[in-house]
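For my numbering, count along the sequence shown from 1 and bump the result up by 7.
Idealized CB from N, CA, C, for every residue including glycine.
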Amino acid sequence: MSNTTDPIKTTSSSTSTSSQLPQPLSFLDTSFSTLSLDQLSNYARRASHSFSPQNAADDTQAYLADKAQKVQRGADKSLLLCLNGSAMGLSRISEHIHKRVPEMVDQAHQWQAKTEQVQRANADLQDASATLSTLQRIDSFAHMDEMLDRCDVLLQKLNNS
8 MSNTTDPIKT TSSSTSTSSQ LPQPLSFLDT SFSTLSLDQL SNYARRASHS FSPQNAADDT
68 QAYLADKAQK VQRGADKSLL LCLNGSAMGL SRISEHIHKR VPEMVDQAHQ WQAKTEQVQR
128 ANADLQDASA TLSTLQRIDS FAHMDEMLDR CDVLLQKLNN S
């Protein structure tokens, strides 16, 4: 067999002794080929761990956990904004109530005073109406009315003559 170097294999295909070291990989740069075998095995172990299915599952879980935390933070922020908006609305309503209630109490007192004045005026008008209706029933006033009418007639006669 010939002594050819396969890019994937690190040893030649010819018979070799067990004490012979593997050939360096020809496609790697010279700085990497100068590393010791222990260092190469460490790099290989790290590389195999980074591409292992277990690592991929861990990375997926970490990615999903990160996304879940972001969603949770967003939901928390939205909830706080909603609750804060409600609290702000209730606070403004409370401020408006505290501002308007004293004004409304003053208006109620004014309305009550006006209502009492109107009721007194109404009672006075009812009394005056009752007094006038009573006056019309008095005979002496009826006689005075007749006498005033006669006086008007006599004055007209005197003015015409």
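(message) Looking at the secondary structure, which residues open and close the alpha helix (DSSP H) in which Ser-168 lies?
(response) Careful: Ser-168 lies outside any alpha helix (DSSP H) and carries neither H nor E.
(request) Have a look at Asp-36 and Ser-85 and give me their C-alpha separation to the nearest angstrom. (result) Since pLDDT at Asp-36 reaches only 49, below the 50 mark, its modelled position is unreliable, and the value read off the structure follows with that caveat. The alpha-carbon atoms of Asp-36 and Ser-85 are separated by roughly 54 Å.
(message) So, at 8 Å on beta carbons, what are the nonlocal neighbours of Leu-165 in its own chain, with the 5 sequence-adjacent residues on each side left out?
(response) none
(request) From the DSSP output, in three-state form, read off Ile-145 for me. (result) coil
(request) Report all residues from its chain with a CB closer than 7 Å to the CB of Lys-77; omit the five preceding and five following residues, and keep chain order. (result) none
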